[in-house]
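S.K.:
Chains as they are written, first to last, in the working numbering: chain A, 42 to 195; chain B, 18 to 757.
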C-alpha cells in the first residue's frame, strides 16, 4: 500500500492503495464515485473514460502510481461544466440512452472532442468516439446528440 | 403467443388473475396492490371481511401504484430494465389510464414477488419481446381502477355522482368547479372499494400512449448518478471473483493459494461449485482489484478427464455431415420427395455456417448476496427473478419467502441475464454463505464473460431448393443443425417431439409460400452452455432466408421486392410483414433510385415476435469492410405505445445485429478452451461499423402492441450482405464476415 494525493474534480483526495491499482478502481471503490464504469479492463471499450489533464483517458489501464500531479475530471463533474452540461442536455433531448452503462464514457469522449473541435464532422466523431463501445449500439443518436451539443454551444 | 389480432379498444375489464386491494399507507397515501389468489380466480367484489390481512409495511412487494400525499405517483415496473425502455413504457401506460401528471410519476423496479410475474409466462421475467405485449392490458387496468377510486373519494367528499367528475394531470374536478389533487385524496381513496370492472379509455382519449415520451432514466444515466448492480456499495461489503475451469465442467484437482493469500486485503480463498458440475476457486477480498490480483496468483491444477474438450473446426465438420441427413421434422407440407425429382439445372443448394456468439453486455455480470443465517438479501440485474430468487434460496437452504430479492438496473443483457440455471446467482450465494452477515458482491470480469459460455449456439443450415419455370421455388428442403437451448432446462417441456422451435423459428414459420416444404433439425449435445441471444433463432434464420430470397430473385431476374411480394403468403398472418415491406419500399424509393457509383442497396424483411420489419441498406466498401451509409426501416408492431422508444430500439437494434458480421464476431474453441478473452478479439460493432443514419417508419396501427426489443436485430445483416453481393458478385454464407 502507498499513499497518493489526487486532484479529482477540483478537490484534493488522498487514498492508500496498492500502486498497481488502476485509477478506475480508485475512483469506484476508494472514492465511491461509481459514475465511471468498468467494461473491459483492457482499454478496449471506453466505458471508463475520464479526463486526465484535459485528455480523454481510459482509467482502467492507468495505474494510480503513474498519475502524478495531473488533475482528473469525471462524469460527476460534467453537470457543472458548460460543455459537459450541453452534451448531457443534448443526450437527454435526443433520448440517446438505452441501458446507459456506456454513456458516461461516451459523454466524456464527446466533451473532450467538443473542447478541441467545437464543430466536429462525422469523421471527427468517428475518430473520437470510435473506441467507445455501446452494446445497445445507440450510435446513430450519439452522433446526432454530438452535433446538437455543438450547435447549442455556438 | 400474443393476442395480436385483438384491437385496442376501450373495453370494460376485470382482473383475471387476481384482485386489487387498496390500503392507506403509513404516510396517508394510497397503495393499490394486486393480489394473486391461488385457490379461486373470481375474486372481484368480495366482502372486506374475506380479504387477506392488510400489508404490514408501506412497501409490500405486491403493490403496483402508490399515490403519496405530496402528489407523487410511484409505479412499480414488474420486470427488468436493461435498455429496452420498459421502465418508461409501463408507467406511461398506467399513468395514461390514471390521468396522472406525468411530471410527478416515479418508476421503480419491482423486487421478486409472485404478483409481478409476467401475466402470460407465469414467471417474473423479460423474454420473447413480451414486456409490453403481455403487460399492456394489465397496466391499463391498474391505472383505470386507481383512477376510479380517486374519483369515488372526490365524489363522496363533494356529494356528487362520480360520473360528474373529470380527471386530468393528477387532479379530480367536480361539476361545480371544485378540484382536488390526487395526493389530497389518496388517504380517502384508500378506503374506497376497488371496482370490479372499469371502463378503459378509447384510443382517441390516450394522452401518453402512442405519443413520443422521453425516457425517465435518461438524466441519471447521463450524469453518472444511476446505480447499476455493479455500482452497489453496502457497509462492510466484500468483493469476490472466481477462477473457473478452462474447460466447461472441469474440476479443481488441487490449488496453491499461498501467494494469493499474501495480497493485503484478501479475506478468504476456497473452492465452490460452478456450472456444468465443475468447480472453481473463489477469492474474496475487500475490493475488486485486490481480489483480481490475488486470483492471478493462484496456482490451480485442473481435472479435465471427465469432460469433452470441444473444437470449433471439428464441430463444424460434424455439423456439416449431420446437415446432409434428415433430422427431426419441424415443418412439412406438400410432397416431401419433390426435391429429389428436381432437374439438376433447377436445383440450388446452399450451406451456411454461424459461430458461437457472446452477448457481452456492457455491465459485467454480478450479483450481491448477504446471508443472515435465517434470511438473505440479494441484489441482481436479473431477467429471470423467479428462477434466480429460488436458486439463491436453494443454495442457502432457506425458504424463498426468507430471501428478499432486489431487481437492480442492468447495463444490457441481450439474453445473458435470462439464465435458467441461475449459475451466477448460485456462485454468489455459495460464496456469501461463508460470510454470515456480510454482503458479498460477486463480479465477473470481461474475460470471465467472454470465456464463460452461455453463447448463441453455432449452427449449420443446408438448404436445397427446386426452382420452377416461373422462377419461384417449388420445392424446399432445409436442415438446421444447432444445440437446443431449452433442453435440460425447466423450459424443456416447451419442446415438441424433440424439436426446440427456437432453433428453426424464422424458417419453419416463414411467410414465404413454397408448395413442397420440409424443415428438419438436429440438436447435437456439445459441452458448451448455450443461451437465447437477442432474437434467438431469427439471428441466423433471417440471414439464411433473406439472402436466399434475394439470390433467387436475381436468378429469376425479378426485382427483389416484387419477388418477395409474389412469394409471401396471401394469408392474413402475413399482413403485418407486407405492410412493413410496402412502407419501407415507399420511404426508401427516393434514395435508392439515386445511388452514387460504388454504392448498392440490399433488402431484408422478417417477422419475429409478432412484429413485421423491413429494411433497406445503402452500402459501399471501405477498407475491405462494408460501409453502411444509410438504413431505412419500417416496423409494424401494432399500436406503438411509445413511438420514441420504438424508433430508438430499431435505430440501435439493427446494429446490434451487425455483431455477427464483424470480422471478430465469433467465439471459437480449441481443445475445449475459448480462444477469445476480451473485446480485443471478440469485437462487437463500434460506431464506425454502424450505419451513419437509420430512419425508422412505423406502420399506423390500432392492433394490440407486439414486441420491439428483438425484432430489430435480424434484418440488417442480410440486407448488408445482399448489397455486398451486388457490389462484389460473391455470396457470403459463412459468418462472421472475415473479408468482403
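No residue lacks a Cβ here, since even glycine has one placed at the ideal position from N, Cα and C.
Values in this document were obtained by computation on a predicted structure and should not be read as measured data.
Going by DSSP, name the residue or residues bridged to residue 57 (chain A).
M.R.: Translated into positions along the first chain, residue 57 (chain A) becomes position 16. Partner(s): A:44.
S.K.: Which word fits residue 107 (chain A), buried or exposed, when buried means at least 16 other C-beta atoms lie within 10 angstroms of its C-beta?
M.R.: The sequence position of residue 107 (chain A) within the first chain is 66, counting from 1. Result: exposed.
S.K.: Span of the alpha helix (DSSP H) holding residue 5 (chain B)?
M.R.: A query on residue 5 (chain B) cannot be resolved here, the shown segment of chain B reaching from 18 to 757 and no further.
S.K.: Whole angstroms are fine: how far does the CA of residue 650 (chain B) sit from the CA of residue 140 (chain A)?
M.R.: Locating residue 140 (chain A) in the first chain gives position 99, where the first residue counts as 1. Locating residue 650 (chain B) in the second chain gives position 633, where the first residue counts as 1. Near 22 Å, if we compare the C-alpha coordinates of residue 650 (chain B) and residue 140 (chain A).
S.K.: Taking buried to mean at least 16 other C-beta atoms within 10 Å of its own C-beta, is residue 281 (chain B) buried or exposed?
M.R.: What you label residue 281 (chain B) is simply residue 264 of the second chain in a count that begins at 1. Residue 281 (chain B) is exposed by the Cβ-count criterion.
S.K.: Exposed or buried, residue 607 (chain B), counting other C-beta atoms within 10 Å across all chains shown (16 or more means buried)?
M.R.: Counting from 1 along the second chain, the entry for residue 607 (chain B) is found at position 590. By the 10 Å Cβ count, residue 607 (chain B) comes out exposed.
S.K.: Please confirm if residue 238 (chain B) has its CB atom under 8 Å from at least one CB of chain A.
M.R.: Residue 238 (chain B) sits at position 221 when you count from the first residue of the second chain. At least one chain A Cβ lies under 8 Å of residue 238 (chain B).
S.K.: Rounded to the nearest angstrom, what separates residue 73 (chain A) and residue 249 (chain B) at their Cα positions?
M.R.: Sequence index remark: in the first chain, residue 73 (chain A) carries index 32 (1-based). Sequence index remark: in the second chain, residue 249 (chain B) carries index 232 (1-based). Taking the straight line joining both Cα atoms gives about 10 Å.
S.K.: Given a cut-off of 8 Å on the beta-carbon distance, is the pair residue 177 (chain A) and residue 100 (chain B) in contact?
M.R.: In the first chain, counting from the first residue as 1, residue 177 (chain A) sits at position 136. In the second chain, counting from the first residue as 1, residue 100 (chain B) sits at position 83. Going by C-beta atoms, residue 177 (chain A) is nearer than 8 Å to residue 100 (chain B).
S.K.: Residues in the region 376 to 408 of chain B with C-beta within 9 Å of chain A's C-beta atoms, listed in sequence order?
M.R.: Answer set for the region 376 to 408 of chain B: 376, 377, 378, 379, 380, 381.
S.K.: Note the first and the last residue of the continuous beta strand (DSSP E) segment covering residue 533 (chain B).
M.R.: Locating residue 533 (chain B) in the second chain gives position 516, where the first residue counts as 1. 533 to 539 is the span of the beta strand (DSSP E), which, as asked, contains residue 533 (chain B).
S.K.: Is it true that the CB of residue 478 (chain B) sits closer than 8 Å to the CB of residue 555 (chain B)?
M.R.: Against the second chain, residue 555 (chain B) aligns to sequence position 538. Against the second chain, residue 478 (chain B) aligns to sequence position 461. Going by C-beta atoms, residue 555 (chain B) is not nearer than 8 Å to residue 478 (chain B).
S.K.: For a contact meaning CB atoms closer than 7 Å, what does residue 73 (chain A) contact in chain B?
M.R.: For the purposes of this step, residue 73 (chain A) is identified with residue 32 of the first chain, where counting begins at 1. Within chain B, the residues near residue 73 (chain A) are 250.
S.K.: In whole angstroms, what is the alpha-carbon distance linking residue 102 (chain B) and residue 81 (chain B)?
M.R.: Position 85 of the second chain holds residue 102 (chain B). Position 64 of the second chain holds residue 81 (chain B). Distance between the alpha carbons of residue 102 (chain B) and residue 81 (chain B): 18 Å.
S.K.: Using 8 Å as the threshold, is the region 89 to 105 of chain A in touch with the region 61 to 69 of chain A, meaning 3 or more CB pairs across them?
M.R.: Counting Cβ pairs under 8 Å, three or more are found: they touch.
S.K.: Using a C-beta cutoff of 8 Å, does residue 136 (chain A) count as contacting chain B?
M.R.: Residue mapping note: residue 136 (chain A) aligns to position 95 of the first chain, counting from 1. Yes, contact with chain B.
S.K.: What residues in the region 448 to 469 of chain B have a beta carbon less than 7 Å from any beta carbon of chain A?
M.R.: The region 448 to 469 of chain B vs chain A, Cβ under 7 Å: 462, 463.
S.K.: For residue 31 (chain B) and residue 154 (chain B), I'd like the C-alpha separation in whole angstroms.
M.R.: The count along the second chain starts at 1 and reaches residue 31 (chain B) at position 14. The count along the second chain starts at 1 and reaches residue 154 (chain B) at position 137. Its pLDDT being 41, under 50, residue 31 (chain B) is placed unreliably by the model, and nothing is read from it.
S.K.: Residues in the same chain with beta-carbon distance under 6 Å from residue 232 (chain B), minus the five sequence neighbours each way, listed in chain order, please.
M.R.: The residue you call residue 232 (chain B) lines up with position 215 of the second chain. For residue 232 (chain B), where only same-chain residues beyond five positions count, the Cβ hits under 6 Å are 105.
S.K.: Any chance you could list the beta strand (DSSP E) runs of at least 3 consecutive residues sitting entirely within the region 579 to 655 of chain B, in chain order?
M.R.: With a minimum length of 3 residues, the continuous beta strand (DSSP E) runs that stay inside the region 579 to 655 of chain B are 617 to 625, 628 to 639, 642 to 653.
S.K.: Please confirm whether residue 314 (chain B) and residue 260 (chain B) have their CB atoms less than 8 Å apart.
M.R.: Position 297 of the second chain holds residue 314 (chain B). Position 243 of the second chain holds residue 260 (chain B). Not in contact: residue 314 (chain B) and residue 260 (chain B) (Cβ atoms no closer than 8 Å).
S.K.: Should residue 167 (chain A) be flagged as near chain B, meaning a C-beta pair shorter than 8 Å?
M.R.: Along the first chain, read from residue 1 onward, the residue named residue 167 (chain A) stands at position 126. Interface residue, yes.
S.K.: For a contact meaning CB atoms closer than 9 Å, what does residue 95 (chain B) contact in chain A?
M.R.: Stepping through the second chain from its first residue, residue 95 (chain B) is reached at position 78. None at all; the shortest Cβ gap to chain A is about 18 Å.
S.K.: Using the Cα positions of residue 188 (chain A) and residue 127 (chain A), report the straight-line distance between them to the nearest angstrom.
M.R.: On the first chain, residue 188 (chain A) is found 147 positions in, with the first residue counted as 1. On the first chain, residue 127 (chain A) is found 86 positions in, with the first residue counted as 1. Spanning the two alpha carbons is a distance of roughly 11 Å.
S.K.: Any beta-carbon of chain B closer than 8 Å to the one on residue 51 (chain A)?
M.R.: The sequence position of residue 51 (chain A) within the first chain is 10, counting from 1. Taking Cβ atoms only, chain B never reaches closer than 8 Å to residue 51 (chain A), which makes this a no.
S.K.: Within the continuous alpha helix (DSSP H) that includes residue 739 (chain B), where are the two ends?
M.R.: In the second chain, the residue the question calls residue 739 (chain B) occupies position 722. Where residue 739 (chain B) is concerned, the enclosing alpha helix (DSSP H) stretches over 733 to 745.
S.K.: Shorter than 8 Å from the beta carbon of residue 99 (chain A) to some beta carbon of chain B?
M.R.: Within the first chain, numbered from 1, the residue matching residue 99 (chain A) stands at position 58. With 8 Å as the cut-off, residue 99 (chain A) does not count as an interface residue toward chain B.
S.K.: Show which residues of chain A have a CB atom less than 7 Å away from the CB atom of residue 697 (chain B).
M.R.: The residue labelled residue 697 (chain B) in the question sits at position 680 within the second chain. Going along chain A in sequence order, the residues near residue 697 (chain B) (Cβ under 7 Å) are 83, 85.
S.K.: Can you tell me where the alpha helix (DSSP H) holding residue 440 (chain B) begins and where it ends?
M.R.: Taking the first residue of the second chain as position 1, residue 440 (chain B) is located at position 423. 440 to 449 is the extent of the alpha helix (DSSP H) around residue 440 (chain B).
S.K.: Taking 8 Å as the threshold (beta carbon to beta carbon), is residue 243 (chain B) in contact with chain A?
M.R.: Here residue 243 (chain B) is taken as the residue at index 226 of the second chain, counted from 1. Residue 243 (chain B) counts as touching chain A.
S.K.: Less than 8 Å between CB atoms is the rule here; does residue 145 (chain A) satisfy it with respect to chain E?
M.R.: Within the model displayed, chain E is absent; protein chains A and B are what it includes.
S.K.: Could you list which residues in chain A have their beta carbon closer than 7 Å to that of residue 701 (chain B), in chain order?
M.R.: Reading the second chain from its first residue, position 684 is the one you call residue 701 (chain B). What residue 701 (chain B) touches in chain A: 174, 176.
S.K.: Tell me the DSSP bridge mates of residue 472 (chain B)?
M.R.: For the purposes of this step, residue 472 (chain B) is taken as the residue at position 455 of the second chain. DSSP lists B:547 as partners of residue 472 (chain B).
S.K.: List the residues of chain B whose Cβ lies closer than 7 Å to the Cβ of residue 182 (chain A), in chain order.
M.R.: Within the first chain, numbered from 1, the residue matching residue 182 (chain A) stands at position 141. Correct list: 665, 668.
S.K.: In the DSSP assignment, find the alpha helix (DSSP H) that holds residue 670 (chain B) and state where it starts and stops.
M.R.: Taking the first residue of the second chain as 1, we reach residue 670 (chain B) at position 653. Taken as a continuous stretch (DSSP letters only), the alpha helix (DSSP H) holding residue 670 (chain B) covers 660 to 673.
S.K.: Could you give the distance in angstroms between the alpha-carbon of residue 147 (chain B) and the alpha-carbon of residue 723 (chain B)?
M.R.: Here residue 147 (chain B) refers to the residue found at position 130 when the second chain is read from its first residue. Here residue 723 (chain B) refers to the residue found at position 706 when the second chain is read from its first residue. Rounded to the nearest angstrom, the two C-alpha atoms are 7 Å apart.
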